[in-house]
């Protein structure tokens, strides 16, 4: 989609940053159904004209803000599959539990609301799949994982687990759920849990 | 919270059902920030007076609707820990992926918006914890699981995995994610994945 920006006129990075911050925060708190360019400008303390010079519609504004503020999941090679997966889970708990966590969760849930958002969401999942796939393939090459390890189920367990951890830590009172360990400790313990067999004897299929 | 219902006047179950269905659908689609008693009545085709006879505010209306329509996660004793966990995952994919899945995901994310919703969300998580705890304890008694098995991480992996599966199946185009198997097949394969070790040799801690 082309933006309605007069050629030759440079964008002010400070205004860009304020608008992106306000867009991500507003979307996280109230969701797509309450998202308007006017509300973003009010929150950012920026005149509406500045926003309309940059974006012709609110989907573009939000998609660009999410892209610049949420960051990307990337693959980190630590030398062992356990270390790599701990880094992946740390990035995921940071994404869902951090400052912009509500916006990331909203995006996962409300992406259907607008085509520009769906694309951004697919990009987020694609980055997770790329990182997980690279980790699994290295683990197989190093002989740490069986050849047939499923990237899909590994992602369901790890991404889902990180999301569930972020959601319940945010919502559920400590007397209902065991108190949450720091992010680094959660990542290590949870990866060990997923990697290490729990069955003491083989189940009969 | 007391409802403003005249004593001696029976509630019409058909009107109750229509209002509850409309409330859950509307909340799932547009979230708490767009949720009003008026909008629920419009969608249900029911006069506003009927709703105001039953509920004094919109939080009560939604909390009651979610309680009656979303159902509860329950513990099913199949005789093996694998069978029990497959039943748990099936209930979870049904909760998040089924007809009311969007409302369940919204509830997990927007529970902070209102105290009555937070309570309902805690109740949902509490039922999941109760079911998982019963399954783990039976598995330990039968000698299938080690004594120290963590209910918390098991829940993160299984509930999170079911949520992630439901979200990505809904959102992500098939060329990005491997095509989704039927719910029963996903539940069996995913539980086997979580229960069975993937490491071909012990990692060095």
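Protein chains in written order, with the UniProt record's numbering: chain R, 1 to 205; chain F, 1 to 205. Virtual Cβ for every residue (Gly too), placed ideally from N, Cα, C.
What does the alpha-carbon distance come out to for the pair residue 72 of chain F and residue 109 of chain F?
Residue 72 of chain F and residue 109 of chain F have their alpha carbons spaced roughly 18 Å apart.
Check whether the Cβ atoms of residue 53 of chain F and residue 37 of chain F lie closer than 8 Å to each other.
Not closer than 8 Å, so no.
How about residue 168 of chain F: is its C-beta nearer than 8 Å to some C-beta of chain R?
Yes, contact with chain R.
Which of the three DSSP states, helix, strand or coil, is assigned to residue 170 of chain R?
Residue state for residue 170 of chain R is assigned as helix, using DSSP reduced to three classes.
Determine, for residue 190 of chain R, whether the minimum Cβ-Cβ distance to residues of chain F falls below 8 Å.
Contact of residue 190 of chain R with chain F is assigned, a C-beta pair being separated by under 8 Å.
Any beta carbon of chain R sitting closer than 8 Å to that of residue 76 of chain F?
Not closer than 8 Å to any Cβ of chain R, the Cβ of residue 76 of chain F fails to qualify, so no.
Listed by chain order, chain F residues near residue 30 of chain R by CB distance under 7 Å
Per Cβ cutoff of 7 Å: 33.
Taking residue 210 of chain R as part of the alpha helix (DSSP H), name the residues at either end of that continuous run.
With chain R covering 1 to 205 only, the question about residue 210 of chain R has no answer from this structure.
Rounded to a whole number of angstroms, what is the C-alpha to C-alpha distance between residue 90 of chain F and residue 102 of chain F?
Those two C-alpha atoms are separated by around 17 Å.
Do you know how far the Cα of residue 123 of chain R is from the Cα of residue 194 of chain F?
For residue 194 of chain F and residue 123 of chain R, the gap between their C-alpha atoms comes out near 26 Å.
Strictly under 8 Å for the Cβ-Cβ distance: is residue 203 of chain R near chain F by that measure?
In this predicted model, residue 203 of chain R has a pLDDT of only 40, less than 50, meaning its place in the structure is not dependable; the value taken from the coordinates is given anyway. Cβ-Cβ to chain F under 8 Å: yes for residue 203 of chain R.
Go ahead and pull the three-state DSSP assignment for residue 37 of chain F.
DSSP places residue 37 of chain F in helix when its eight states are reduced to three.
Residue 182 of chain F, DSSP secondary structure in three states
In this structure, residue 182 of chain F counts as coil in the three-state DSSP scheme.
Cβ atoms of residue 151 of chain F and residue 207 of chain F: under 8 Å apart, would you say?
Residue 207 of chain F cannot be examined here, being either before or after the span of chain F that is shown, 1 to 205.
Touch test, the segment 65–83 of chain R against the segment 114–128 of chain R, Cβ-Cβ under 8 Å, three pairs minimum
Touching, yes.
Could one say the Cβ of residue 97 of chain F lies closer than 8 Å to chain R's Cβ atoms, at least one of them?
By this cut-off, residue 97 of chain F is not an interface position.
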